[in-house]
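*Asks:* One structure is given below, represented as structure tokens, and several questions about it will come after.
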Amino acid sequence: MNSNLTIRNFITDLICSVKDSSLIVITGHNNADPDALAAVMGLKEFLNQIYPNKKIDLVLNLNKLAEKIYKEILSDPKWNFSKTYPEKIDLLIITDTSDLGMAIQKESTTPIIQNIIVIDHHVNPIKLDNRVKHSLILSEYSSTAEIITKFFQMQELIPNRDIVLALLAGIITDTGHFRYATKDTLDNAKFLLETGVSISEVTEKLNKKMARSEKIARLKGANRIQKIHYIHDYIVVFSHVSSYEASACKALIDLGADVSIILSYVPKTHEFRISSRAKGKLIRETSLHLGEIMKIIGEKYNGSGGGHDGAAGAYGILSNDNKDYMSELVPEILKLIKKEIGAKVYYD
Ligand SMILES: [Mn+2]
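Right under this line is the structure:
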């Protein structure tokens, strides 16, 4: 089905569900990034432009970058983000993830939820929670912010200035400053820019200085590469750090790796996290999809995983404290990567 028709039908279902519910909560994944922040704010504004008197609660805890955007880019940061859920929810709308587990804090008590709606741009999950009534999962979209931007366009509504800035920030950060943008992404961003904001209003604030601890994590990441794996002409590396995995992962790509995988392990809880990235050229030339690999690894280890073809993550728990977690996990991930890169190389 044509994606615009899918969106049109979804908007109709969404509006109907909101109309019929009274205790409504919009949320994003834990440690919300700028895209999740934009999705939550944008969706609330969208629904309130249609139903001005509908009370919609927001549950969100922001990561550092989202916090920065919220405080420094928005002119009126007076949104009420709760960190905990109310006891009872008629309609929970989850954005920027399809996994209820990623949207509910581990420590908090699970609310009683009647119906769930999912809006996401990551890979389709194998199974959705059985309370999910409607879902819109569009992996061809760069970001959830871009999907919400499309909602405004289709309903011929204009978001207010702060929402435009938040949506733009979501698109900019999820596309690596438009590096991974498609023609449609640029069309949708154009709709936002036509309201009178400029890209530099967002990007100037995003170019933050790197913290010393982040620089050290990146250097340690490079220092701890034990072996360079060669698959065809591609270079694949694994390393480990205890914090800033995503940044260290990106640093190894900047150094020259085609695929970079960073692990991080907490001995106390036996929990591990994985951050992975691949260069666009490799993604275009092979069938590698890191989001799918991370999903397999996360699920195998009682956790979760997913993401895009070129950037994805996972978390899981080892059955016992394994100090040698690298030798347990690396061969498994490498096998999956080899299968995709090795089997199918598309030459121009
Ligand atoms: Mn996103």
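Residue numbers (this note's numbering): 1095 to 1442. Glycine included, C-beta positions come from ideal geometry on N, C-alpha and C.
1) Classify Asn-1209 as helix, strand or coil using the three-state DSSP reduction.
2) First and last residue of the beta strand (DSSP E) that includes Leu-1185?
3) If I measure Cβ to Cβ from Thr-1203 and keep anything under 6 angstroms in the same chain, skipping five residues before and after, which residues do I get?
4) By the DSSP assignment, the alpha helix (DSSP H) with Ser-1097 in it spans what residues?
5) Examine ligand 1 and report whether any of its heavy atoms sits within less than 8 angstroms of the Cβ of Asp-1129.
6) Check whether the Cβ atoms of Leu-1428 and Phe-1332 lie closer than 9 angstroms to each other.
7) Any heavy atom of ligand 1 inside 8 angstroms of the beta-carbon of Ser-1229?
8) From the DSSP output, which residues share a beta bridge with Arg-1371?
9) Measuring CB to CB, does Ala-1239 end up less than 9 angstroms from Ala-1372?
10) Looking at the unbroken beta strand (DSSP E) that takes in Gly-1392, where does it start and where does it end?
11) Indicate the three-state DSSP secondary structure (helix, strand or coil) for Leu-1262 in the structure shown.
12) Does any residue of chain D bring its CB to less than 9 angstroms from the CB of Thr-1363?
13) Lys-1227 lies in the beta strand (DSSP E); which residues open and close that run?
14) Among residues of its own chain, excluding the 5 on either side of Leu-1232, which ones have a beta-carbon nearer than 7 angstroms to its beta-carbon?
15) May I ask whether a heavy atom of ligand 2 can be found less than 8 angstroms away from the beta carbon of Ser-1307?
16) Apart from the five residues just before and just after His-1402, which ones in its own chain have a Cβ nearer than 6 angstroms to its Cβ?
17) How far does the alpha helix (DSSP H) with Val-1296 in it reach, from first residue to last?
*Replies:* According to the data block:
1) Strand, per DSSP.
2) From DSSP, the beta strand (DSSP E) with Leu-1185 extends over 1182 to 1189.
3) Its chain contains no residue whose beta carbon lies nearer than 6 angstroms to that of Thr-1203 once the 5 sequence neighbours on both sides are disregarded.
4) Note, Ser-1097: alpha helix (DSSP H), 1097 to 1114.
5) For Asp-1129, the distance from the CB to the nearest heavy atom of ligand 1 is below 8 angstroms.
6) Remark: C-beta atoms of Leu-1428 and Phe-1332 approach each other more closely than 9 angstroms.
7) Answer for Ser-1229: no, Cβ out of range of ligand 1.
8) DSSP output for Arg-1371 lists Ser-1354 and Ala-1405 as bridge partner(s).
9) At the C-beta level, Ala-1239 and Ala-1372 stay beyond 9 angstroms of one another.
10) Looking at the DSSP string, Gly-1392 is not in any beta strand (DSSP E); the run it does join, the alpha helix (DSSP H), is 1384 to 1394.
11) The three-state reading of DSSP puts Leu-1262 in helix, counting H, G and I together.
12) Considering every chain present, this structure includes no chain D. It has just one protein chain.
13) Residues 1226 to 1231.
14) Cβ within range, chain order: Ser-1097, His-1215 and Ile-1241.
15) The model depicted lacks ligand 2 and carries ligand 1 instead.
16) Excluding sequence neighbours, His-1402 sits near Gly-1385.
17) Residues 1293 to 1300.
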